[in-house]
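These notes concern the structure reproduced below.
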Amino acid sequence: MNIASDSSLWRRLKQRLARALLYIALIVISVIWLLPLISVIFTSLKPEGEIYATTAWMLPRAPTLANFVDAWQTVIGNFINTVLITVPSSLFSVAIGSLGAYAIARLRLPASQLIYLLIVASITIPFASIIPSLVRLLDNIGLINTIPGIILVHTAHGQVIVVFLLARFFATIHEDILDAARVDGCSILGIYWRIVLPLSGAALAATFILQFTWIWNDYFKALVIVPQKTNAPITVGMTLLAGQYAGKWHIRSAAAIIATLPTVAIFLGFQRFFIRGVTVGAVKG
Amino acid sequence: MEKKGYFQAMQDWHTVLHSAVCRIKRDTYIWHLSSSTSILVGYLLMLPTVALVALFWWYPLLEVLYASFFNWDGLSPLQHFVGLANYRTLLFEDPYFWNAVKNTLIWSAMYVTIPVVIGLVAALMLNARIGGENIFKGILYLPSAISFAVVAFIWGWMYHPAGGLINQMLRALNLGVLAQPWLASNTFVLPAINIASSWVHVGFALVVFLAGLRSIPDELIEAATIDGASQWQTIRHILIPLLRPAFTVVLGWTLMLSVNVFDQINILTKGGPGRASEVLSIYLYVKTFLEHQAGMASAVGIIMFLLAAAGGILYVRQMISQEVTA
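Protein chains in written order, with this note's numbering: chain V, 39 to 323; chain D, 443 to 768.
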């Protein structure tokens, strides 16, 4: 065997080895990442007697869905609240934000750049730091402890991200299309309604889904604005279970899964829209 | 439209959000609005957005600044002006405030290292264009779709002294001596909750770093390899320096988030044991709702805003200056 082939063999072996090590490392990380989820899923399927008797990574011996029935009956009210809060909040924030984004991206208005910057920069304000004033404000307008109150706050706070994403997207719509419409006599609102919105279906859906997920998953705002069990969303409702179901980790695990499934499902269901809206904006620009 | 995986979409989304151009280019305007009617229509379109942001972000922030100079219970009108007394009390008389500052800084220090380092390493590994990339990326990104309220629950169970997976594993590996009541320990409570949060945050760091790596031209790396640079030298002297914009975005965003941290800590420990995990947001929440010292809480809020703005300026400046990478 000559030296040249020997060294190339050695190099190939080294490459193979490096690749194998890379895979092993990634698989180890992935398993570690999945363990918390596996532990909760297994726990949610175990009858009460098993949760301390078996280890958290062991499959249930007698799997049961009874925990999900129990959890569902307990959290259904809060689950409905979450839907009542999330759906209108995400709809309103996208509808209102799309108007603002259109004006910012497509109409030359004095100071519109400054306004845009001020809106986007609001992302740096910690929610905690405005709490004392926000509570007072909502109290003054009679919306503290009400679902309309939290819808209003989510809609307002959602503007920052909705305007940011949609203004970016609207700016990518080709000028010729808009010019043609303008020459044909379309008004400012007509162009928004007949050209910009229809062309942006996917971006609007993507932004909506994003808002939906964030609002669905919100805990802090709800805790401040609607902390009582009657109108709290499921994220807050789950923590209220802690007292009632102390130690009943199997039922609380089931509640946690119920609280999480919808966001995962909606992401997967709307995947197509989501991708289209996001990539069009990302590729151009 | 080509079909892409869900997690590809997530990455694309993050690319748009975190590395996109903030400023809209002038030449995208369709009208040089001349008539005053059309200018009016333009402002009317903007009005609801601006009114909402002004009423629920800017106004409360300004009012909190104003209220921080008052002795205020949060309910009655602002009457007892006390000047800088709230700040003085916080800075010079209240050890619990400094405890909260210390815990927030410890939290930030951990949050800008643990998930960022893991995310960077994972991105460098996935950048090798290996099969199954989307599956690995998906698994690491998956926790980002879960509410922190649920994440807190999941990790509360992981850390459970008896039934939790971590102590059970330690015992199974004959390392039972290392088992801890993690969340009830003064030493371990903050790192433990930080690891739970990092479990979520790694996905974000990963996708931003990966997008950054993918925007580096292959020729640069090839040239380095031809010049005899080792893999490590390529990473150290070419990839990492070129990832600067990605680092700015990740670190800026992470700093902002770390000042905001509330959900996980409030659910898992409410700042306990004692005050071992009490960060500024928890301190503010307690001051507002339990101690009814909203004036003092407002001063805390302003200090939090200044801390978050430090990270935020990095982040927003990067967004404004940078061209689209995807």
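The beta carbon of each residue, even a glycine, is placed where N, CA and C say it ideally should be.
- Residues of the region 605-619 of chain D whose Cβ lies closer than 8 Å to any Cβ of chain V, in chain order: G605, G606, L607, Q610, M611, A614.
- For P85/V and A293/V, the gap between their C-alpha atoms comes out near 15 Å.
- Annotation: N183/V to I263/V spans about 6 Å, alpha carbon to alpha carbon.
- Near chain V, meaning a CB-to-CB distance below 7 Å, the residues of the region 570-592 of chain D are A570, I572, F578, I581, L582, A587, I588, S589, F590, A591, V592.
- Along the region 244-260 of chain V, the positions whose C-beta sits under 8 Å from a C-beta of chain D are A244, L248, T251, W254, N255, D256, Y257, F258, read in chain order.
- Closest by C-alpha distance to A604/D, out of P271/V, A209/V, A91/V, is A91/V.
- Looking at the backbone, the Cα of G275/V and that of N116/V are separated by about 6 Å.
- Chain D places a beta carbon closer than 8 Å to that of Y140/V, counting this residue as a contact.
- Interface criterion not met: the Cβ of P236/V is under 8 Å from no Cβ in chain D.
- Residues G654, I658, L662 of the same chain have their beta carbon placed closer than 8 Å to that of L684/D, with the five preceding and five following residues left out of the count.
- Residue pairing of F590/D in beta bridges, as defined by DSSP: absent, with no partner found.
- Under a criterion of Cβ atoms nearer than 9 Å, no residue of chain V is adjacent to F511/D; the nearest Cβ is some 13 Å distant.
- A distance below 7 Å between beta-carbons, with the five flanking residues on each side excluded, links A647/D to the following residues of its chain, in chain order: P557, V558, G561, L562, V692.
- Against F747/D, the close residues of chain V are I163, P164, S167, in the order they occur along the chain (beta-carbon pairs closer than 7 Å).
- Judged by DSSP secondary structure, K579/D falls within the alpha helix (DSSP H) whose first and last residues are 575-583.
- The C-beta separation of G713/D from P170/V comes to about 18 Å, leaving the pair out of contact by the 8 Å criterion.
- Excluding residues up to 5 positions away in sequence, nothing lies with its Cβ nearer than 6 Å to the Cβ of W71/V in the same chain.
- Under DSSP, H522/D shares a beta bridge with N513/D.
- For I707/D, the closest alpha carbon among the candidates V631/D, P687/D, V506/D, Y553/D is that of V631/D.
- Within the region 67-90 of chain V, those residues whose Cβ lies closer than 8 Å to any Cβ of chain D are, in chain order, I67, S68, W71, L72, L73, P74, L75, S77, V78, T81, I89, Y90.
- Between A621/D and R613/D, the CB-CB gap stays under 8 Å.
- A Cβ-Cβ distance of about 6 Å is found for the pair L122/V and I185/V, placing them in contact under the 8 Å criterion.
- Where P603/D is concerned, there is no enclosing alpha helix (DSSP H), because DSSP gives it neither an H nor an E.
- Taking a 10 Å sphere around the C-beta of V66/V, we find fewer than 16 other C-beta atoms and assign the residue as exposed.
- The beta-carbon of P170/V is placed less than 8 Å from the nearest beta-carbon of chain D.
- Linking S160/V to S82/V through their CA atoms gives a straight-line distance of about 40 Å.
- Using a Cβ distance threshold of 8 Å, L145/V and I215/V do not count as a contacting pair.
- Straight across, the Cα-Cα distance linking P271/V with V650/D is about 31 Å.
- Residues of the same chain with a CB within less than 8 Å of the CB of I79/V, apart from the 5 flanking positions on each side, are S291, I295 in chain order.
- P585/D is the residue among V758/D, Q675/D, Y757/D, P585/D whose C-alpha sits nearest the C-alpha of V302/V.
- Under the Cβ distance rule, Y553/D does not count among the residues neighbouring chain V, no pair being separated by less than 8 Å.
- The DSSP-derived three-state label of L648/D is helix.
- Note that the C-beta distance between A542/D and Y725/D is below 8 Å.
- Look at L615/D here: in three-state DSSP terms it is coil, with no helix or strand label.
- Taking 8 Å as the cut-off, the Cβ atoms of N513/D and G737/D count as close.
- Residue state for L145/V is assigned as strand, using DSSP reduced to three classes.
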